[in-house]
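Notes for the one structure printed next.
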Amino acid sequence: MSYLEYQKHFTKALEDEIKALRKSGGQKTFLSDGRLLGKRGGYYIYSFTTDSEIRFPDDTPVDLEYKKTKYKGILVSVEGFDIILALEKNLGDSIPTAILYTSPWFLLEELKNRLLESSNLKGANRNLAEILLGDKNEPNFPTSDSQKLINQIEQRLQQPIECNEYQKSAVDKVISRQVSFVWGPPGTGKTKTLGLTVSALVQAGESVLVIAHSNTAVDTAMESVAKYVQGAPVYENGLVLRYGVVTPGSLKEFPQLHVRGVARRQNPKLIEEIERLEKQRKELVKRSRIEKLTELQRQTIQNDIATVKRALHPLKHQLKQKESQLVKQAVVVGCTFSKAAIAQEISQRRFDAIVVDEASMAYIPHCVYVST
């Protein structure tokens with residue numbers, strides 16, 4: 001079948017799934033024992049315990065209802081009955097109970113739209129998608145000198161890279177073929193091979209999208225990448241980026257990977273002003289909760305809060321634009337499939353190479369979409 005025929009089948013299947021999900025309605029989940037873990041990338045990270053297991057992709061948009069008010073957020077990760085959310089607002093150090101609302105069809109609709117766009121988008125690599133699906137033979141590529149690239153990486157790191165012949169062979173095959181599959185049982189060094197492969201591709205002058213189904217998988221992959229690209233100009237200049245909400249405790253050794261961290265280094269005065277106004281807003285909100293205020297005092301504080309918010313809005317918009325530009329310029333970007341479907345910084349860009357980690361966990365339409 002041609003790519004367009006596959007795309008029609010995928011679209012029909014996604015529409016059927018979306019219809020079924022809409023019929024059942026969005027999911028309502030009761031949460032308890034909410035704890036603020038910290039702030040990262042402009043979001044407040046909270047952990048909760050759920051009353052039932054939920055199965056949604058990382059980066060799914062969510063609404064959290066707390067004290068009869070709904071707040072926007074993103075699902076960072078789910079493991080059993082433990083869930084981590086990134087919220088736009090600080091709701092305090094602890095949240096005893098809350099309600100989580102999700103619209104599981106949203107990401108499927110975005111994936112369907114991206115597939116439809118790829119049918120007409122100029123520059124979309126539909127030929128590669130057909131090779132991935134097994135309906136077209138792969139053309140012969142010149143054999144790459146992967147060992148030369150590895151030697152160059154070793155010279156930069158000033159230490160030998162310990163990898164076996166199978167890992168070296170995998171790197172060589174990935175670089176010299178349009179589509180490659182790397183398989184191995186747990187503990188056989190696949191993540192290390194991924195990091196070395198991405199570094200070799202970068203050494204060869206290519207841009208790379210590192211993608212996986214979960215934030216945890218993306219973080220693990222990007223940690224491996226960082227070990228081999230550290231010291232390189234692309235890394236030191238903030239061109240190797242983790243895009244999205246990082247899972248708590250990840251990437252501590254590689255702060256250079258954070259989009260917000262790079263933006264902070266490049267725009268210190270902007271960040272300082274945002275943080276100053278945020279601190280001022282929090283102090284005003286805290287004062288507004290004092291019970292013995294007169295109505296006039298309370299109204300004055302509310303007016304001051306509104307003034308601070310108006311000052312913050314253009315600054316935050318400016319910061320968001322700068323972060324978006326960083327992602328567009330990056331040589332290596334790591335994100336989830338969900339993020340790739342909803343973020344224009346990814347969907348409207350063409351990378352030289354795509355590396356999918358834990359591909360067996362991904363939807364086939366997702367893999368086809370990113371291949372274009």
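Residue numbers (the numbering used here): 1 to 372.
Where a beta carbon is used, it is the ideal one built from N, C-alpha and C, also for glycine.
In this text, all values refer to a predicted model and were calculated from it rather than measured experimentally.
Please report how far the alpha carbon of glutamate 117 lies from the alpha carbon of isoleucine 83, in whole angstroms.
-> 33 Å
Work out the CA separation of leucine 284 and lysine 309 for me, nearest whole Å.
-> 11 Å
Using the rule of at least 16 other Cβ atoms within 10 Å of the residue's Cβ for burial, across every protein chain shown, is phenylalanine 30 buried or exposed?
-> exposed
Identify whether histidine 213 lies in helix, strand or coil by the three-state DSSP scheme.
-> coil
C-alpha distance - tyrosine 166 paired with asparagine 127, whole-angstrom precision | 29 Å
Report the residue from Tyr228, Arg265, Gln344 whose alpha carbon sits nearest the alpha carbon of glutamate 162.
-> Tyr228
In three-state DSSP terms, what is leucine 132?
-> helix
Counting only the same chain and skipping the five closest in sequence on each side, list residues whose C-beta sits under 6 Å from that of leucine 209.
-> Val333, Phe351, Ile354
Based on Cα-Cα distance, which residue from Arg264, Phe254, Leu91 lies nearest to lysine 282?
-> Leu91
Where does methionine 1 land, buried or exposed, given buried means 16+ other C-beta within 10 angstroms?
-> exposed
Helix, strand or coil: how does DSSP classify phenylalanine 337 here?
-> helix
Please determine, among Ile301, Thr49, Asp145, the residue with the shortest C-alpha to C-alpha distance to serine 94.
-> Thr49
Excluding sequence positions up to five away, which residues of its chain have a Cβ less than 8 Å from the Cβ of leucine 121?
-> Thr372
Which first and last residues belong to the alpha helix (DSSP H) in which serine 94 is found?
-> No alpha helix (DSSP H) holds serine 94; the beta strand (DSSP E) holding it covers 94-102.
For phenylalanine 30, the residue or residues it bridges with in DSSP = Ile99
Residues near threonine 102 in its chain [Cβ-Cβ closer than 7 Å; skip 5 each side] | Gly26, Gln27, Phe56, Thr60, Val62
According to DSSP, is isoleucine 364 helix, strand or coil?
-> helix
With a cut-off of 8 Å, does the C-beta of valine 174 fall near any C-beta of chain D?
-> Although the question refers to chain D, the structure presented lacks it and comprises just one protein chain.
Apart from the five residues on each side of it in sequence, which residues of its chain come closer than 7 Å, Cβ to Cβ, to glutamate 110?
-> Ala341, Ile342
Pull up the CB-CB distance for valine 78 and isoleucine 54, whole angstroms please, since I reckon it's below 8 Å.
-> 6 Å
Could you check what DSSP says for aspartate 16 in three-state terms: helix, strand or coil?
-> helix
Have a look at asparagine 164 and glycine 249 and give me their C-alpha separation to the nearest angstrom.
-> 30 Å
Quick one: grab the DSSP three-state call for arginine 40.
-> strand
As assigned by DSSP and simplified to three states, the class of valine 218 | helix
Lysine 70 bridges to which residues according to DSSP?
-> Glu65
Could you tell me whether the Cβ atoms of valine 356 and isoleucine 211 are closer together than 8 Å?
-> yes
Tryptophan 379 classed as buried or exposed, judged by whether at least 16 other C-beta atoms fall within 10 angstroms = Missing from the structure shown is residue 379; the chain here goes from 1 to 372 and no further.
Using DSSP with H/G/I as helix, E/B as strand and the rest coil, what is aspartate 51?
-> coil
Other residues of its chain near alanine 311: CB distance less than 7 Å, five sequence neighbours each side excluded = Leu277
Do tyrosine 243 and valine 327 have their CB atoms nearer than 8 Å?
-> yes
Taking DSSP as the reference, what is the three-state secondary structure of aspartate 82?
-> strand
How many Å lie between threonine 247 and lysine 39 at the Cα?
-> 11 Å
Tell me, to the nearest whole angstrom, how far the beta carbon of methionine 361 is from that of histidine 258; I am working on the premise that it is less than 8 Å.
-> 25 Å between Cβ atoms; not a contact.
Phenylalanine 10 vs leucine 132 beta-carbon contact at 8 Å = no
N-terminal and C-terminal residue of the alpha helix (DSSP H) that arginine 177 is part of = Run containing arginine 177: none; DSSP gives neither H nor E here.
Determine the DSSP secondary structure at serine 207, reduced to helix, strand or coil.
-> coil
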